Structure formats: C-alpha cells, structure tokens
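Everything below concerns the one structure shown next.
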Amino acid sequence: MKTTFGALSLIFILGVLLVVANPNYGLKFGLGEGNWEEYRYTDQYYIEHGVEEVGGTNIVTDIVFDYRGYDTLGEATVLFTSIAGAVALLRKWRGEE
Amino acid sequence: MRPQNSDMGLIVKTMARATIPLIGIFGAYVIVHGHITPGGGFQGGATIAGAGVLFLVAFGLSEAKEKINKNFYSVLEGIGGLVFLTAGMLGLGVVFFYNVLWHKGPVFNGEAGTLLSAGYLPIMNLAVGLKVYTGLVSALFAIALFRRWKK
Numbered sequence: 328m329k330t331t332f333g334a335l336s337l338i339f340i341l342g343v344l345l346v347v348a349n350p351n352y353g354l355k356f357g358l359g360e361g362n363w364e365e366y367r368y369t370d371q372y373y374i375e376h377g378v379e380e381v382g383g384t385n386i387v388t389d390i391v392f393d394y395r396g397y398d399t400l401g402e403a404t405v406l407f408t409s410i411a412g413a414v415a416l417l418r419k420w421r422g423e424e
Numbered sequence: 144m145r146p147q148n149s150d151m152g153l154i155v156k157t158m159a160r161a162t163i164p165l166i167g168i169f170g171a172y173v174i175v176h177g178h179i180t181p182g183g184g185f186q187g188g189a190t191i192a193g194a195g196v197l198f199l200v201a202f203g204l205s206e207a208k209e210k211i212n213k214n215f216y217s218v219l220e221g222i223g224g225l226v227f228l229t230a231g232m233l234g235l236g237v238v239f240f241y242n243v244l245w246h247k248g249p250v251f252n253g254e255a256g257t258l259l260s261a262g263y264l265p266i267m268n269l270a271v272g273l274k275v276y277t278g279l280v281s282a283l284f285a286i287a288l289f290r291r292w293k294k
C-alpha cells in the first residue's frame, strides 16, 4: 500500500515537472524566450568553429581543454589537493605507532 | 578468529587476471583517442583506475603493496599536473591556453580527425589521464593501507 502510494506520487510529481518545464506553455527560465539562440550563441559558435580553431573533432574535449582550460586546471588542482589531504589525514601520525 | 586473509578466492583472481589487461587497454584507447572520439583523459584515467582497484580488491593488500609503489605514483601524479600546465603555457606568446601546436606547431598538426592532430589536446589528455589514474589509485591505496579504525 505504502509502496504503491509512493510510486503513484512519484509519477504525479514527474508529470507536474513535465508540464512545468515544457518550453511551449510552462515556466520560462532566463532571458531567452522565443529567440534563445540570440542569447546562447556560444553553443553554435563551438559547433561551427571548434574543429578549425582547436583541432579536435571531439567538441567536448575542445571546450574542456581549450575554451574552458582554466576550469580544467582548477579541476586538476582540486583532485591533487583532495588526494594530498586524504593521504595527510589517513597516514600514521607521530603519536601512534 | 581466522587468520588475516585479505585476497579473494580462485575464481575472482582468475577473472581479475583475465579482465585487468582488457580494462587497461580500453582505458588507454579512450585516453589516446580523446580528441577524436567520445571520452578523454579524465574518463580513460578513471577506467584504468578501475583496473587498479580491481587488482587491489581481488589480490589483497599484501600483494598490491609489492606491485604498487605509492611514492612512485605520487611522483607520476605531480608530473601529470606539470605536463598539463606546461602544455597550457606553450602558447603563452599569444595567450594562456592558446593552441599554438595546432596553428603553427611542428608536431600534432595533421588533418583534423587523425590521431596526430589537435595540437596540445593529445598531450593534455595523456597528462590528465596519468594524473587521474595515479591519483585515484593512490587515494584508494591510502584508504586501504592506513586503517584508522580499531580492530
């Protein structure tokens, strides 16, 4: 009974979300309503110029390593820092042998 | 209490022996072809790290301690990060993260879509793959090695 009710409410919530997020008559996020391409021109720019400017045919790699290189650099730093912190916290400390 | 026996049984060990090279080859493929097919350094490095974790789980900590040198892995991780930074600085004459190898470099400037193309992208993919692989393996190794809970 409880499980059925839970599943039914999940389906109901999903349906409400589908109605709310529908671009035709639901909520509209951000500036672009009908002419969203005018405000999100970078998508089309990457698709059109990515191969010629960066060279990789995998556009995601082009964006990650070239257009958004600083982001990847920070991500690598975060990985390094987290592992250094994990090892520093988990290793044997001076008092406990 | 039974003696400390951290490795798995025969079936798991045999399966691990068979699948670890395949996982490694697939991860290396994902890294090397990162600039032409889906995937890249991070994904391929995580795949190879999965092989390392499988080794650690299947063969136990004592066997992994002989095969995996933790300090060597730490050094490799630092090298990966430095190579990534250096590849980003190659085109510093124009701007940071300028792909100078692709525009007028001596290597890696073949036709787009081939393996030796895309300027610094293959170098960065290799560096990030090495970094992610060694980093994840050493993190899991540290978690397995330094148990901080009481027996």
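Going line by line, the protein sequences match chains A and B. Its first residue numbered 328, the first sequence is counted upward by one per residue in my numbering. Its first residue numbered 144, the second sequence is counted upward by one per residue in my numbering. Cβ atoms here follow ideal geometry from the backbone N, Cα and C, with glycine treated the same way. This one's a predicted model, so the numbers in the text were calculated from it and none came from an experiment.
For residue 249 of chain B, no CB of chain A lies under 9 Å from its own CB, so it is not counted at the interface with that chain.
Of the residues assessed, residue 419 of chain A falls on the exposed side of the cut-off, its CB having fewer than 16 other CB atoms within 10 angstroms.
Judged by their CB atoms, residue 273 of chain B and residue 238 of chain B are not nearer to each other than the 9 Å cut-off.
With a contact defined as Cβ atoms closer than 8 Å, residue 184 of chain B and residue 177 of chain B qualify at about 6 Å. By a beta-carbon distance limit of 8 Å, residue 244 of chain B contacts residue 262 of chain B. Their separation comes to about 4 Å. With respect to chain B, the C-beta atom of residue 374 of chain A has no partner C-beta closer than 9 Å. Residue ranges of uninterrupted alpha helix (DSSP H) with 4 or more members, entirely inside the region 349 to 413 of chain A and ordered along the chain, are 363 to 366, 368 to 380 and 386 to 389.
Here residue 258 of chain B has no same chain residue with a Cβ atom under 6 Å from its own Cβ, once five neighbours each way along the sequence are excluded.
For residue 336 of chain A, the number of other beta carbons within 10 angstroms of its own is below 16, and it is reported as exposed. From the listed residues B/198, B/218 and B/219, the smallest Cα separation to residue 209 of chain B is found for B/198. Sequence-distant Cβ neighbours of residue 216 of chain B in its own chain, meaning closer than 7 Å and more than five residues away, are 277, 280 and 281.
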